[in-house]
Structure formats: structure tokens, C-alpha cells
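Chains A and B are the protein sequences, given in the same order. Residues 622 to 880, numbered by the numbering used here, are exactly what the first sequence covers, in order. Residues 6 to 268, numbered by the numbering used here, are exactly what the second sequence covers, in order. Let me begin by presenting the structure, written as C-alpha cells, before commenting on it.
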Amino acid sequence: MKSKTLFNDNGHQWIAIGRDPEKDSHVIDTNEYVIISHGQAMLLDPGGIQIFPQVLAELAKYVRVEDIRAIFASHQDPDISSSLAMWLDLNPSITTYCSWLWTGFISHFSTGNAIELHPIPDHGMRIKIGDHGADVEAIPAHYCHSSGNFSLYDPTAGILFSGDIGAALVPSHETELMVTDFDQHVEYMRGFHIRWMPSTSALRSWTQRVRALKPDMICPQHGSVFQGEMVGKLLDWLDTLEVGQWNDTAPASQPQQAA
Amino acid sequence: MLDVLSVFKRNTNQLFGICVDILNVGRSLQQLSLSMQILAINGVVQAAKVGDGKGRPILALVEILNHTPGEIRPEVETIERLCAKLAKLAAHSSNTVWRYYQLIAGLLTTIPREYRTSSRMHADAILDLPFTTPDDLAQLTAHPTFQTGDALARSNRQSIATICRANLTDLHERLEEALSCLDDTRRALHGLETIGLTARYMAFCIASEAAGLGEAGMNFKNLATEIGKAVDELNAKTHTMKVSIDGGVEMVELLLRGQAREK
């Protein structure tokens, strides 16, 4: 597992963990992010159980496990948080935030003790990282792709964690974490969005909300990170997309890993 | 790196299967108890038909036999209760060993790659430990490899190791409980065997009495044969359960020693 610091200023850090060269080929590649704010950490989409040991080992380079104070789950998929029970076993004082729609479902990831979740209302909420960390904001991203879905915006760093929006199925030879060639990257994103995003109008609403935030960086859960001018290019591209498409007359598609 | 622990984890999961085997056979005893009840009622009816008071000894015997199902039922209920407890312990153990495996894998991954892949004998030796006993964990945490890296890495390693230890202790406690539960189930089976012996003896007595009844004793001879068959079935079932229990005991004792069985 590799990690990269995306932002580091005045005791506030963003670290991306991903691009695991040793991961099993049948498991979709995921990015895990951690915000460390004045020594207290929030994990964003901590990942599936399969990659827990690798994520833990990489995370342990940056923060004490006792200082992980919050987990944010953008939605309910197993690649997002099936490792949740493991993190709570490591540190039972972690508060986990997810859409109210999924609290009863994510609780099924328990492996013993009941998982207590802090429900995020549909309109979103502010979340403080630990006792004295910065505030971050859960931004509604419903139907992009899950029916109860949130992005997370960090105004201190100007970074938006977008979950599956902007996600890409990047070939293994693409090792660069940041998007450098947008046109090439679109090829990795298009199929993903057209099939997994169910609602064009929901996607348009999301881009509007995000444009108002003016993020410097957009970090998806799969694929590469958008920075600087790539942010605008991503939002413009998303505004042209008609998603939720499936043509049943087309030849049978190859089975793909789910997002 | 974690080959033994992986089999150890699988063996712990297999406990659940053993427990289901015991429970299924245990439940089928309820049906057997019902068959015995029908045989006993049939015996009572037949004995009442025999005139001149000649059926009286047989009537007394089948009435004793009539109590057998009532004696089997609580024993079967005890076995069911023990199996339910065993299933709970097996499920808890499966969850714990699964978490433990992931945590150990995480802990070993925190050790720098050069120590994990180097040909240095001391590093290789420590990472080849099975990590199925508290002693293995103690060896790891006392090893110089464990102390590599900066203060943060060392502190995190220590924290993860503490949680690993807690999980392993919890697993051992549950396995000890499972062992005692298996012993209790074995004892309950012994009670069933005693009931079977009594029923077989009653069948033998009925057959003896029937011999003195001439033609009228034929039905009782058949009844004795059927009772014998029911007891044979009871014995076969208790034997199957004993084999499962023995397998379970062997497995749990193995796991408590930190060993694993490939097949």
C-alpha cells in the first residue's frame, strides 16, 4: 500500500492511501483518506476488510490508532466500510458517521459488539474531528451513486472527498495518484459513471453544490485525484454526462468489479 | 507468512459445523422418543386384551417402558440447550479469530518491508511464527524487529499487539468454555445410554413373558423386537454424537495448544 500527503499546513494534514501493488486482482482498487487535524484523525471510507491490514499498517505511519476519532462512510458499499468492525475493535471510541438511510445496514458489518453509527441527515451536517480538530462538512450526494450518499468537504484544506463521483477504474500500470492527462482519464471514468450513477439530475445538483464550494482538490474513492484546473475540467465533464444508461441490445458486457 | 494462522482460523470456524452435527442428531432423538411412546401405548393396549390376568406382568413392563420417552425428552432438551450454547461460543470464536487474523496481518505489515523480506535469519524466524499462542505474541513484541522505526510506529505496534493479545485471550476463554460444554454434552449422552439400556432390558423381559403366553404372545414378541430396534437406533445416534463430540474436543484441545489441522 502506498501513501501520499495531499495537504499539510498548520497541524492539518490530508493523506491518501491506495494503489496497493500487492492487492488481490479480484478486489477493486480503492483510495482511503485520512484527515489529521491537530493530532486527531478522521478516516474517510476506510475500505473493505480484505485490505484492512495494509491500510492499518500505512496509517500507523501517520497517526496513533488511539487518535483516530471519527470515521466517515460516504455510503453503504462493502468496499467503503466492511472493515468498520476492525477499526472499532482497535479503537472503540471512534464515532462513525454515515447517511441515516444506511445505519441499519452498515451495522451488519459488526463481528461481535454492536456497531453504533451517527446518522447524517439528508441535508448534511458539520462534523468536528475529535475534540479540538477542524470542522468538516458532509455534502449531500444522494443518488451519486447510492440513494443515501455524502461527499465530505474540508474548508481548511479546500479538499472535497467525492466518494464514487469522479471515480475511475485505472489500469494497474497507471501509478500516478494525481490526474495529469484529463482526456486520457475520462476513458477510465466514463464507463464507471454511466453505469453506476443512476441519476443525471442528481449529478447536476451535486456539481452545482460543489462549484459553490470552490474546492482546490477533489479526491474520489477509486482512481486519481483532481487538483487545480483538473477540478474544473471534472465538473464540466460531469455536467455533460447522461448517466444511468444501460442498453440491453448491446453485446453482453464483461462482468466488472462493483464500485 | 500466516499460513498456520489461516488454517487455525479455518479450524475454529469448523467448530460450528461440528456443533451443528451434534445438534441435528440430538433433535432427531425427539422423533425416536415419539416412536417409543407409540410402541409403549401399543403394548398397553395389547396387554389389556390378554385375558385371565395373564397380561398383567406385561402390562406392568410396558407401563415402565411408557415412561421412557418422558425420560428421553429432558435429556434431549439438555443436549439442545448445550448445543445452542456451543453454537454461540463457536460463532463468537469465529468472529474473534477472524478479527485476530486481520489484526496480526496488520501488525506484521507495520514491520518494515526490508525486515519482512530480508534473508536475515532473526527476522525470518520471528515472522514465521504461527501467532496462535500468547507465547508467539510475546516473542514478537520482545524481538528487536518489533522496535524498529520511529516512536509513532513503535507506539502503534504496541497498541495493535495489545488488542491482538486481548483477542487471543478472549478466544482461549471461549474455547475453554466450549470444551466444558462438549464435556457436559457427553455426560448428557451417558444419561441417554442408560435409558436405552433400561428399555432394552424391558424388551427382554417382555419377550420372556410373551414366551409363556403361547400364540397370544406373538404380538409382544414383535413389540420386543421393535423396542430393540428403537434402542439400536438410539445407540447408533448417540454413537454418532459421541464421534462428533470427540472430534470437537480434539479440535478445541488442538486450538488451545495453538496448533492447527490441515484436513
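Ideal Cβ placement from N, Cα and C applies to all residues, glycine included.
Each residue's CA atom was taken as its position, placing B/L202 and B/E182 some 31 Å apart. By the C-beta density criterion, A/S793 is exposed, having fewer than 16 other C-beta atoms within 10 angstroms. Secondary structure at B/H72: coil, using DSSP grouped into helix, strand and coil.
Cβ contact annotation for B/G253 (same chain, cutoff 6 Å, sequence separation greater than five): I23, L187, in chain order. Each of A/Y683, A/S845, A/G779, A/E795 was checked against the Cα of B/S160, and the nearest Cα belongs to A/Y683.
For the pair of segments examined, the region 828-840 of chain A was found not to touch the region 6-21 of chain B: the number of CB pairs separated by less than 8 Å stays below three. Ranked by Cα distance from A/I670, the first of A/S704, A/H659, A/D698, A/T821 is A/S704.
For the region 38-49 of chain B, no residue has a beta-carbon sitting nearer than 9 Å to a beta-carbon of chain A.
For the pair B/S213 and B/G58, the Cα-to-Cα distance works out to about 16 Å.
Contact annotation: B/E238 and B/L37 have beta-carbon atoms nearer than 9 Å.
Setting aside the 5 residues that flank it on each side, B/A95 is surrounded in the same chain by L20, F21, C24, each with a C-beta closer than 6 Å to its C-beta; the list follows chain order. Under DSSP, A/W635 takes part in a beta bridge, and its partners are A/F628, A/I656.
The beta carbons of A/L862 and A/L824 sit about 7 Å from each other, so the pair counts as a contact at 8 Å. Of all residues in the region 146-159 of chain B, only L157, A158 come within less than 8 Å of chain A when Cβ atoms are compared, listed by chain position.
Our two residues, B/A158 and B/S164, have alpha carbons roughly 10 Å apart in a direct line. In chain order, L112, T115, F151 place their CB closer than 7 Å to the CB of B/R162, counting only its own chain and leaving out the 5 sequence neighbours on each side. Under DSSP, the beta-bridge partners assigned to A/Q848 are A/M838. Contact with chain A is absent for B/G263, since none of that chain's Cβ atoms lies less than 9 Å from the residue's Cβ. Judged by DSSP secondary structure, A/F730 falls outside any alpha helix (DSSP H); it is assigned neither H nor E.
Of all residues in the region 663-688 of chain A, only I670, F673, P674, Q675, V676, L677, A678, E679, L680, A681, K682, Y683, V684, R685, V686, E687 come within less than 9 Å of chain B when Cβ atoms are compared, listed by chain position. Within chain B, not a single residue places a beta-carbon under 7 Å from that of A/G632; the smallest gap is close to 15 Å.
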